[in-house]
Amino acid sequence: MQRSSLGGWLAAAYLFAAVALYCSDARAQSYAELVEQHRELTARLRAMEAAGLAGTQVPRGDDSAHAHESDGHGESRPGHGDEAHNEHEGHDGHGDDEHGDDEWTWEDPFTPGWWRPSDEYRPYSWMAPPNEGFLRDLLRGQFVETHRSSSGTPWVHPFTIEPPHLHRDLFMFYKYTKDAEGTTIDEHEAEIHLDWALTRRFGILVAAPFLGLIGPDEQATGFGDIEIAPRVVLIESERFFLATNIFITAPTGDDSRDLGAGETTIAPLLTSWHDLGSLDRIPWTHWNTAYLNVGPESGVGSGETSLVYTAVFAHSFVGPKLIFPHHHGNGHGAGNGSHGEEAHEHRGGTISPMGPGYPPGLTSVIVEFNGQSEFFGERQTYLQFLTGVSYILTDSAEVRFGINFPLNRLKEQMDAQYILGFSYIF
136 MQRSSLGGWL
146 AAAYLFAAVA
156 LYCSDARAQS
166 YAELVEQHRE
176 LTARLRAMEA
186 AGLAGTQVPR
196 GDDSAHAHES
206 DGHGESRPGH
216 GDEAHNEHEG
226 HDGHGDDEHG
236 DDEWTWEDPF
246 TPGWWRPSDE
256 YRPYSWMAPP
266 NEGFLRDLLR
276 GQFVETHRSS
286 SGTPWVHPFT
296 IEPPHLHRDL
306 FMFYKYTKDA
316 EGTTIDEHEA
326 EIHLDWALTR
336 RFGILVAAPF
346 LGLIGPDEQA
356 TGFGDIEIAP
366 RVVLIESERF
376 FLATNIFITA
386 PTGDDSRDLG
396 AGETTIAPLL
406 TSWHDLGSLD
416 RIPWTHWNTA
426 YLNVGPESGV
436 GSGETSLVYT
446 AVFAHSFVGP
456 KLIFPHHHGN
466 GHGAGNGSHG
476 EEAHEHRGGT
486 ISPMGPGYPP
496 GLTSVIVEFN
506 GQSEFFGERQ
516 TYLQFLTGVS
526 YILTDSAEVR
536 FGINFPLNRL
546 KEQMDAQYIL
556 GFSYIF
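Going by this note's numbering, the first residue of the sequence shown is number 136, and it counts up by one from there.
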């Protein structure tokens with residue numbers, strides 16, 4: 136009975152993926168065009184940096200020099216892309232602000248605050264679009280590391296599920312579970328997990344946990360079950376991703392000491408990402424995203440199958456920086472009276488068009504709802520709710536903290552689980 140249920144879920148998942156692939160738009164920018172776009176944007180940014188170091192600057196009151204965010208497709212704000220260049224081109228080297236094109240630099244008209252950092256996030260990161268069809272992208276497609284969509288929306292990593300995007304990251308987690316599985320045993324878990332993209336649409340995850348169980352009558356420490364999860368990106372677009380995460384857990388932990396499940400488990404999951412946009416009534420720059428995750432989890436030996444499902448919501452904004460990297464050329468004009476050396480030292484920096492990481496200071500408030508419904512025994516359902524915060528220290532380092540609570544069957548789950556994490560972006 137359990138195996139037929141698993142087969143039904145697998146068939147439904149494959150059918151859904153096939154229909155979604157058939158309906159998806161296969162037209163996209165080629166990788167060669169992407170590289171050329173990157174080269175052009177980099178040249179413009181370097182020209183901006185040179186102009187800033189020369190001490191030239193647009194007057195603060197010139198509204199024609201100011202604009203807000205770009206559409207994320209290589210046409211940046213004035214002063215950083217085609218619009219700025221065209222605005223001054225053809226006027227004998229002079230534009231509306233009476234500065235030549237070689238002297239024009241951009242300055243943020245808003246006073247920096249906790250909700251609007253001085254080095255504002257610029258959505259210049261691109262994902263490499265498919266250029267040779269699904270199968271060739273899957274087998275040998277060029278992978279470009281990024282953590283943002285083409286419109287600049289950050290791809291926030293959830294706490295309890297894997298995203299549908301491909302990355303090259305190293306995660307280190309510490310989890311403390313009070314009264315694990317309704318017992319008097321507290322569980323300490325340290326986990327290292329590597330997320331590594333291999334091609335344009337294929338990657339793999341490897342996770343190795345080390346457990347420590349502390350109870351009133353017994354203690355046990357050792358490695359738990361190792362987890363491997365191949366990932367295939369089925370659909371990717373500016374505002375939607377769909378992928379399969381096939382989790383295979385090997386029984387490497389000692390089940391006689393409660394350090395492992397004692398059998399191999401398989402969980403083929405479908406995971407989607409949704410860009411929900413931003414709300415005009417919120418006064419700070421922000422992004423709202425959601426994840427959905429669903430699929431069966433089955434023990435190979437026992438045949439015991441459960442349906443697992445997760446919904447995630449993340450609200451992200453660029454907050455204050457705790458670590459200030461030193462970059463040259465901030466567009467504020469070194470040597471200018473009110474924006475001189477001090478501005479250069481503390482506000483410096485341009486974000487690379489192909490920067491793989493997140494902007495420093497990016498803060499995400501994350502809430503997650505998790506459920507598991509058994510298809511065996513008494514067919515119990517277990518529900519949990521997690522809330523947490525993720526903060527980007529630098530473009531290659533992130534820290535996070537979250538708390539997970541049970542919503543039902545409190546005596547059979549846990550008191551609470553505390554999660555502390557650090558990730559390194561290659």
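Where a beta carbon is used, it is the ideal one built from N, C-alpha and C, also for glycine.
Got a sec, what are the start and stop residues for the alpha helix (DSSP H) residue i sits in?
{"i": "F511", "result": "Element bounds for F511: n/a, residue is neither H nor E."}
{"i": "D272", "result": "F269 to R275"}
For residue i, does the count of other Cβ atoms within 10 angstroms reach 16, so buried, or fall short, so exposed?
{"i": "N465", "result": "Its pLDDT being 39, under 50, N465 is placed unreliably by the model, and nothing is read from it."}
{"i": "N543", "result": "exposed"}
{"i": "D568", "result": "An answer regarding residue 568 cannot be provided, because it is not within the stretch 136 to 561 covered by the chain."}
{"i": "R179", "result": "buried"}
{"i": "I296", "result": "buried"}
{"i": "V524", "result": "exposed"}
{"i": "I554", "result": "buried"}
{"i": "F294", "result": "buried"}
{"i": "V447", "result": "buried"}
{"i": "F337", "result": "buried"}
{"i": "S451", "result": "buried"}
{"i": "K628", "result": "Given that the chain is displayed from residue 136 to residue 561, the structure contains no residue 628 and the question cannot be resolved."}
{"i": "P541", "result": "buried"}
{"i": "V453", "result": "buried"}
{"i": "Q519", "result": "buried"}
{"i": "S199", "result": "Confidence in S199 is poor, its pLDDT being 37 and thus under 50, which makes the residue's placement unreliable; the coordinate value appears in the next sentence. It is exposed - the Cβ of S199 has fewer than 16 other Cβ atoms within 10 Å."}
Could you tell me which residues DSSP puts in a beta bridge with residue i?
{"i": "F452", "result": "H421 and T498"}
{"i": "Q515", "result": "Answer is none; Q515 lacks a bridge partner."}
{"i": "D304", "result": "D330 and I560"}
{"i": "A355", "result": "L348"}
{"i": "D321", "result": "I349"}
{"i": "K310", "result": "E324 and I554"}
{"i": "V443", "result": "G430 and Q507"}
{"i": "F382", "result": "A402"}
{"i": "P289", "result": "R283"}
{"i": "I458", "result": "BP columns for I458 are empty, so no partner."}
{"i": "Y526", "result": "T498 and V534"}
{"i": "F375", "result": "H409"}
With a CB to CB cut of under 6 Å and the five nearest residues on each side skipped, what residues in its chain are close to residue i?
{"i": "M307", "result": "I327 and F557"}
{"i": "Y444", "result": "V429 and G506"}
{"i": "I361", "result": "A343, A385 and T387"}
{"i": "T312", "result": "E322, M549 and Q552"}
{"i": "G347", "result": "H323 and T356"}
{"i": "E509", "result": "S441 and Q515"}
Got a sec, what are the start and stop residues for the beta strand (DSSP E) residue i sits in?
{"i": "F345", "result": "F337 to I349"}
{"i": "V368", "result": "I361 to E371"}
{"i": "W408", "result": "T400 to G412"}
{"i": "V534", "result": "A532 to P541"}
Whose CA, out of the options, lies closest to the CA of residue i?
{"i": "R335", "options": "A532, G496 and V279", "result": "V279"}
{"i": "H323", "options": "P344, E175, E432 and T379", "result": "P344"}
{"i": "A532", "options": "A182, H282, Q519 and F269", "result": "H282"}
{"i": "R109", "options": "E373, L369, D360 and Q548", "result": "With the chain covering only 136 through 561, there is no way to say anything about residue 109."}
{"i": "P365", "options": "T516, N505 and T384", "result": "T384"}
{"i": "L404", "options": "S433, D550, G395 and T420", "result": "S433"}
{"i": "L377", "options": "L427, N505 and L273", "result": "L427"}
{"i": "L333", "options": "A355, Y311, H300 and P351", "result": "H300"}
{"i": "F375", "options": "G438, G276, Q515 and S285", "result": "S285"}
{"i": "G350", "options": "I363, D321 and L340", "result": "D321"}
{"i": "L411", "options": "L340, A396 and P289", "result": "P289"}
{"i": "T356", "options": "L340, N380 and D393", "result": "D393"}
{"i": "I363", "options": "N423, A449, V500 and I381", "result": "I381"}
{"i": "F269", "options": "E439, E371, A425 and Y559", "result": "E371"}
{"i": "E513", "options": "W419, D415 and E439", "result": "E439"}
{"i": "L274", "options": "D352, D330, V367 and M183", "result": "V367"}
{"i": "L521", "options": "I538, T420 and M183", "result": "I538"}
{"i": "Y559", "options": "V500, W331 and R181", "result": "W331"}
{"i": "V500", "options": "A449, V534 and K456", "result": "A449"}
Which same chain residues, not among the five before or five after residue i, have their C-beta less than 8 Å away from its C-beta?
{"i": "F561", "result": "E280, R303, D304, L305, P491 and S531"}
{"i": "V435", "result": "E398, T399, T400 and I401"}
{"i": "K546", "result": "G317"}
{"i": "D314", "result": "I320, D321, M549 and D550"}
{"i": "H409", "result": "R374, F375, T424, A425, Y426 and L427"}
{"i": "T498", "result": "S451, F452, V453, G454, V524, S525, Y526 and I527"}
{"i": "I417", "result": "none"}
{"i": "F358", "result": "A343, P344, F345, L346, T387, G388 and L394"}
Enumerate in chain order the residues of its own chain whose CB-to-CB distance from residue i is below 7 Å, with the five nearest sequence positions on each side excluded.
{"i": "P298", "result": "W290, H292, T406, W408 and Y426"}
{"i": "W422", "result": "T288, P289, S413 and S451"}
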